[in-house]
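Scroll down for the structure; my scribbles are underneath it.
Residue numbers (mature numbering (1 follows the signal peptide of the UniProt record, and there is no 0)): -24 to -1, 1 to 994.
Put into structure tokens, the structure is as follows:
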């Protein structure tokens, strides 16, 4: 029975940025306004993918709290930690900074231009087909880019999508990762109010509008303050159950003031018409950081309630913090989880005073008796949050002298020192590497890189997680590192091979060490990034066990990536070459000053503007992680000393992970999302599906003198995608004076695209090696069907070869689709396996049927399960009926034996298995003994145990085998009575941990197993 239930259950489950810039000047370059999603939604996105890849440098740190199990649909409830730096405007810390609840799920977006619903999900391209002479101003209310939505489902999966209208005027969804989810929305003329997502298993997720950007005092620069930037999960409905899981949001965090961050801007202008003109202007631009966000207060399903209490009882507060989580079965408390936090001021000269940040100190899991408990403790690298600036990437740092744009040097076609006294832009002396004859200037008067990121201590990252046993894990985080084309003095490095190491925002794990309660180290891992120094430099005897430590920046904070420009077509040289100190061909060679004006012979007219600001860099960053790594090595250490190296003498072994992050660029091999020009606009083509693709893994064992390869794994990936086109302002004529007469507005914009793609694993090869160097090879190749679901696998091991194929629901093009299959497709049930076959001619086939259940609904569930052997199908099991939540009631085995399954506790738990009986026989017995029907029994919150056990004595069940099970809801089985009448009992402590199993011989208690739990706090 257990094997069958596992088979049936597994089958049922398997089948189922840049904000608008404002300043007082009117001649700033036109920029499309955008509203990024809320901090809460960003936090949810960080926890979207449950599996943490070593290539991100971020470990999976979590505190398990509970598991939601709703008719086979399981959701782990846990606190998960992300070592992220503090960003301006951050106030989503209800569980403590960096911690979030694992079931948090939402749909979020960044608004580009304006909310897409306000133009009925169409771009305003027809408004570009007017003459510039008729409409000489760039309209500021155009929607020329689609909003990008990100969905994070509670199962940990995530995907992006865009909503647009096709040529027939119908709404269509472009979805990343080749997901075949069904999406629908409801909206008003000004706002999307709700979403429904049906995944490939037919599970429905409902989302309701939640977070908006703040609209109020101090928030004058926030457009579309009432438009939702996120929608939070409100319910989950399973295809085999009529009972939903519901999520309630009874509290709101609302900023009390619209805070903004200012950044310096330097704008250079140089022109020649009848005479040469030039000027430099400096401004400040602002970005809004204030939101109002809803907080999760309850999760309910069946008789279970998970209630989240907050320290502030008011429904709306500027700050709020989770105080405890109570888990109840009906009115019975099963577990209480208390959070101890302390709040401190977040001191920042960037955003002013009055900000707060919360730190999680401990989590106490208390049992049903209100006394027994487990305690998790947290310790951090720093004790206070004090910042005075921002780094390149927009996170808070500790450098106070933020005067100017950044410590970056550039070359300009005129003498900047003429008439610009008092500006933070200063002339700087040239060095031996400079070949440009143009004027060299620096964008700050600070003598150091004030954009450097702060360290783990400043951001108070988690240092130690203490377990209830008294043991603990220590974490050492460090800043990301990369190779930059900007040196310490701010000079641009033209030769990529001469790039220098630099520190980036964000953190990667350096070391994880586990300790017992006695303080004895039981395991230590050191993470090293990039290739070894020997592999990088190729010098014999140097750097065998030390690493470069560097990865590739998604965007390098150099002078070109800080710049936006507009230039007329006949400007003397290409502006990006000019500012980088290159010659007119883009080479690092000397040249004559092409901006020297000879009034007798100089007939050309030209003009250019160059604008430098950190917001330009962050527009290119676009919310991506700062660094990606081509290679990460994990060393498994024998010793714990701080000065112990990673040589074989000190390690048990190592694992090397290599990632597919490069592709050929215009002139060199580059990171696959390298910046490129679309007209005069610097941008990149997003390809998020290509992140964290492991291409090779090498496992080594240490002999004490050397590392010996014991296993290698190589992977081959295929990726593709669909591009979504948008339009960005990019005046190819330079400034407005050079726009030709009767030019259409369309010519002032360039097309850019987003790639919503997918990656699939095509091939995997594994070799294992013995001590003599001989190897054994295994390989697997994969095929995919509609929706990129696995349809075939071929496995070879030495001379052996085996192939598996899987068939799932799909429409038939050549003939009429089967009625049941069509109903499955209508419900988006694409994942259930209908046929499974192996090359040895064995497998399974599953027939579905539409079952009417007692509440009147109809459920699509397995009807017959066949075994395949020798090319023929043999009936294995037939399921005759189900409960209203998809639990089997009556089955017939291949030998004709009928088995009836009884359910109760709100149709959650199996309470009886009766072999050699029909459902009619059992209905008679249940009606006689318990005074109710089988369906009514399933809905009871708890059955009468005495009567249940007496079922075996009823005459209708005289020739049957009856097994009975009882439970403590949300904890576990409390007794199992086999057909002979022997009962084994299970006792639990108040925390739901198994304490003892036993049985009785007469009145004598006979213990089978006993369990004791020793914790540091007990």
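C-beta: ideal position from N, C-alpha, C; glycine also. Everything numeric in this text was worked out from a predicted model, so none of it was measured.
Check	Outcome
Using C-beta distances below 6 Å, list every residue in its chain close to residue 275, excluding the 5 sequence neighbours before and after it, in chain order.	223, 282
Within its chain, find whatever has a CB closer than 7 Å to the CB of residue 794; leave out the 5 residues flanking it on each side and keep chain order.	none
Since residue 502 and residue 453 are thought to touch, with beta carbons under 8 Å apart, how far apart are those beta carbons, to the nearest angstrom?	With 8 Å as the limit, residue 502 and residue 453 do not qualify as a contact, their Cβ atoms being about 13 Å apart.
When the Cα atoms are used, what is the spatial distance from residue 552 to residue 327?	33 Å
Out of curiosity, what's the CA-to-CA distance linking residue 843 and residue 824?	15 Å
Should residue 616 and residue 504 be called a contact, given that it needs their Cβ atoms to be closer than 7 Å?	no
Roughly how many whole angstroms lie between the Cα atoms of residue 184 and residue 268?	15 Å
Going by DSSP in three states, residue 189 sits in which element: helix, strand or coil?	strand
Quick test of the definition: if touching needs 3 or more C-beta pairs under 8 Å, does the stretch 52 to 60 touch the stretch 73 to 83?	yes
Report all residues from its chain with a CB closer than 6 Å to the CB of residue 490; omit the five preceding and five following residues, and keep chain order.	449, 498, 499
Tell me whether residue 637 sits in a helix, a strand or coil according to DSSP, three-state version.	coil
Roughly how many whole angstroms lie between the Cα atoms of residue 220 and residue 342?	27 Å
Take residue 368 as the anchor and find which of 189, 180, 530 has the nearest alpha-carbon.	530
Could you name the residues of the same chain whose beta carbon sits closer than 6 Å to that of residue 743, not counting the 5 residues immediately before and after it, in chain order?	688, 751, 753
Just the Cα atoms here: how many angstroms apart are residue 691 and residue 636?	10 Å
Going by CA-CA distance only, name the one from 828, 534, 135, 50 that's closest to residue 911.	828
Out of 492, 803, 527, 848, point me to the one whose CA is closest to residue 507's CA.	527
What do you get for residue 303, buried or exposed, if any count of 16 or more other CB atoms within 10 angstroms of its CB means buried?	buried
Could you tell me which residues DSSP puts in a beta bridge with residue 604?	528
Can you grab the Cα-Cα spacing for the pair residue 159 / residue 797, in whole Å?	21 Å
Using the Cβ count rule (16 or more neighbours within 10 Å means buried), how would you classify residue 106?	exposed
Look at the alpha carbon of residue 82 and the alpha carbon of residue 646, and state the distance between them as a whole number of angstroms.	34 Å
Using a Cβ-Cβ cut-off of 6 Å (strictly less than) and excluding sequence neighbours within five positions of residue 995, which residues of its own chain qualify?	The shown model of the chain, from -24 to 994, leaves out residue 995, and the question about it has no answer.
State the Cα-Cα distance for the pair residue 207 and residue 402, rounded to the nearest angstrom.	48 Å
Nearest by alpha-carbon distance to residue 153: which of 665, 339, 433 is it?	665
Would you kindly work out how many angstroms separate the C-alpha atoms of residue 861 and residue 736, rounded to a whole number?	34 Å
Considering residue 850, what are the terminal residues of the beta strand (DSSP E) in which it resides?	848 to 858
Exposed or buried, residue 227, counting other C-beta atoms within 10 Å across all chains shown (16 or more means buried)?	buried
For the alpha helix (DSSP H) holding residue 910, just list the boundary residues, first then last.	910 to 915
Quick check: residue 921 and residue 942, are their CB atoms within less than 7 Å of each other?	yes
Which residue or residues does DSSP assign as beta-bridge partners of residue 779?	770
Counting Cβ pairs, one atom from each stretch, are 3 or more of them under 8 Å apart for the stretch 965 to 974 and the stretch 342 to 353?	yes
Apply the 10 Å Cβ neighbour rule to residue 518 and answer buried if 16 or more other Cβ atoms are within range, or exposed otherwise.	exposed
Classify residue 898 as helix, strand or coil using the three-state DSSP reduction.	helix
Considering only DSSP beta bridges, list what residue 73 is partnered with.	Residue 73 is not bridged to any residue.
Would you say residue 524 lies against chain D (beta-carbon separation less than 7 Å)?	Looking at the structure shown, chain D is missing, and only one protein chain is on hand.
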